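*Asks:* Residues 163 to 541 (the numbering used here) make up the sequence shown, in order. No residue lacks a Cβ here, since even glycine has one placed at the ideal position from N, Cα and C. Since the structure is predicted, the reported quantities are computational estimates derived from the model, not experimental observations. Got a structure here, written out as structure tokens. Questions coming.
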Amino acid sequence: MLLRFQDPVKLKTKRVVYEENYYARDSGTLEQLKELSTKRQAIEESINGSSKITPAIAREMAGGITSPILQDLQKIERYLPLLENLVKCVEEEKHNPQIIQWTTDLAIRWTSPLSGSSGRLFTGPKYFRVDDLRYELGMTFFLYGALLRELALEVLSTDIVEAGTLFRRASGIYQHLAENVLPPLKPSLPPDRSPEATVSLASIMSIICLAEAQAVTIRKAEEKATSGSLLAKLHYGVVQFLEGAALLLRTSTADWNDISDKLRKFIATCSVLHESRSQRYIAAEYTKVESFGVAIGVLRYSLSRVQPLRPSEDAWKVPFRQELDDLQNMLRKCDNENDFIWREKPPRVDELPVLEGRQIVQAIAYQPFCLDREFMFVT
């Protein structure tokens, strides 16, 4: 039961040309700067939809890779080691006014698909500018994690295990972003900032990816006919992940001007659906021991949580409708059997079984490339 939320990957950026702003002292540094610009341009053109390369040529350049998402990931992974190395070298000269001015002249700008109305203008998406090379690094990592999420959804129908691994890798990327990349950037952020440049949103995305990884793991467990009681705990473990993300979203409002309402709805809708699935498994376990009153109470409460939902996205309506139908059908069968045979009185809401969660997935830690090349600038 995975809802699609693709907004994080909808980033766009303006062109950056490193060798036109950083003045190289030697040919080696100049070549490195040109290589950075070339690799960034490949990413720019892809995410901005401005590439003039045909699919056949793109496939050949990517070594035969046909998936556009995989091609973009390859571009990111070629750019990141060079960018990490440049950030390290520039920050060693962070008090040099010439270096500071060159970085400012880059005019690093990215859009913010997870902003609310403040991220949009009448003419299109708003570009947020931060004159710090670490902002470029942070947004590149954010895009990296978003692309891994998209790849996980792409392979889900053919390789559940790989999809789970990709979600865990994405979680690790966002965790690295929150713990190592973005904290030093905070003093440079202007009041009008994009949420994607904040530690809070990176942490939220890391948690969401873990929830998605566990949801994929549950699908595999369901195929293996795992016990209903364990499946109920695993589904509620997803709810606990999402509740953590929702809490962080509510308590981090000071970190940004506004945040996407669609993100809030995505977290809330996923949470209710997994809670319902957990309760259906619990109800099924109670019917096995002929406790139909408890089963009916659990199902009625779940129905009261699911029915008010009105999914805003067309792609969310099918899984929502399926869950609602399954819930209503199960309740109808339990009601009928209870009316004819058991005649048990359903307990009050405060007497219902307390849901227990179990979280079994962890982020796969990001391993830095640790490229060590020297840049020699004219200062």
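1. Taking the CB atoms as reference points, tell me whether C432 and A373 lie closer together than 8 Å.
2. Below 6 Å CB to CB, which residues in the same chain sit around I526 once its five sequence neighbours on both sides are set aside?
3. Rounded to whole angstroms, how far is the Cβ of A340 from the Cβ of L351, which I believe are closer than 8 Å?
4. Under three-state DSSP, which class holds A186?
5. Looking at L410 and V460, is the spacing between their C-beta atoms short of 8 Å?
6. Look at the alpha carbon of I322 and the alpha carbon of R311, and state the distance between them as a whole number of angstroms.
7. Please name the residue in H338, S356 and T415 whose C-alpha comes closest to that of P530.
8. Secondary structure at W418, three-state DSSP: helix, strand or coil?
9. According to DSSP, P287 sits in a beta bridge with which residue or residues?
10. Counting Cβ pairs closer than 8 Å, one from the stretch 437 to 448 and one from the stretch 390 to 407, do we hit at least three?
11. Considering V434, what are the terminal residues of the alpha helix (DSSP H) in which it resides?
12. Assuming L486 contacts V468 (C-beta within less than 8 Å), just tell me the rounded distance between them.
13. For the stretch 216 to 224 against the stretch 294 to 304, are there 3 or more C-beta pairs whose distance is under 8 Å?
14. Output yes or no for whether 8 Å exceeds the beta carbon distance between L164 and Y180.
15. Can you tell which of R177, I205, D234 and N498 has its C-alpha closest to the C-alpha of D267?
16. Beta-carbon within less than 6 Å of Y336's beta-carbon, same chain only, minus the 5 sequence neighbours each way: which residues are those?
17. Across the stretch 378 to 392 and the stretch 491 to 510, are there enough close Cβ pairs to call them in contact, namely three or more that are closer than 8 Å?
18. Given this structure, state the Cα-to-Cα distance separating I227 from L309, to the nearest angstrom.
19. Quick one: grab the DSSP three-state call for F304.
20. Just to confirm before moving on: does the CB-CB distance between V523 and T327 stay below 8 Å?
21. S274 and S356: beta carbons closer than 8 Å?
22. Can you tell me the Cα-Cα spacing of E239 and S212, whole angstroms?
23. Quick one: residues in its chain with C-beta nearer than 8 Å to the C-beta of Q490, no 5 flanking neighbours on either side, listed in chain order?
24. How is T175 classed by DSSP in three states: helix, strand or coil?
25. From which residue to which residue does the alpha helix (DSSP H) around Q524 run?
26. With DSSP collapsed to three states, give me the class of R240.
27. DSSP on F329, reduced to helix/strand/coil?
28. By Cβ distance, which residues of its chain are closer than 7 Å to P345, with the 5 residues on each side in sequence left out?
29. In this structure, does DSSP put R355 in helix, strand or coil?
30. Could you please give me the residues that DSSP links to R271 through a beta bridge?
*Replies:* The short version:
1. Between C432 and A373, the gap from beta carbon to beta carbon is short of 8 Å.
2. The residues are R330, R331 and G334.
3. Between L351 and A340 the Cβ distance is about 14 Å, and since that is not below 8 Å, they are no contact.
4. Taken through DSSP and simplified to helix, strand or coil, A186 comes out as strand.
5. Not a contact, by the Cβ cut-off of 8 Å.
6. Taking the straight line joining both Cα atoms gives about 13 Å.
7. Relative to the Cα of P530, the nearest Cα in the group H338, S356 and T415 belongs to H338.
8. The answer is coil: DSSP assigns W418 none of H, G, I, E or B.
9. In DSSP, P287 forms a bridge with R282.
10. Yes: at least three Cβ pairs fall under 8 Å.
11. In the DSSP assignment, V434 falls within the unbroken alpha helix (DSSP H) covering D423 to K450.
12. Distance from L486 to V468 at the Cβ level is roughly 6 Å; contact confirmed, criterion being Cβ atoms closer than 8 Å.
13. Counting Cβ pairs under 8 Å, fewer than three are found: no touch.
14. Taking the C-beta atoms as reference points, Y180 is found no nearer than 8 Å to L164.
15. Checked all of R177, I205, D234 and N498; the closest Cα to D267 is R177.
16. Excluding positions up to five away in sequence, the list reads G307, A364, M367 and S368.
17. Of all C-beta pairs linking the stretch 378 to 392 to the stretch 491 to 510, fewer than three are shorter than 8 Å, placing the two stretches out of contact.
18. Counting only the Cα atoms, L309 lies some 15 Å from I227.
19. Three-state DSSP puts F304 in a helix.
20. No, Cβ-Cβ distance for V523 and T327 is not below 8 Å.
21. In this structure, the beta-carbon distance from S274 to S356 falls below 8 Å.
22. When only Cα atoms are considered, E239 and S212 end up about 20 Å apart.
23. Excluding sequence neighbours, Q490 sits near L465.
24. In this structure, DSSP gives T175 an extended state, which the three-state scheme calls strand.
25. Per DSSP, Q524 belongs to no alpha helix (DSSP H) and is neither H nor E.
26. DSSP, reduced to helix, strand and coil, places R240 within a helical segment of the structure shown.
27. Helix, per DSSP.
28. Non-local C-beta neighbours of P345 in its own chain, meaning closer than 7 Å and more than five positions away in sequence, comprise V361, ordered along the chain.
29. Coil, per DSSP.
30. Partner(s): R291.
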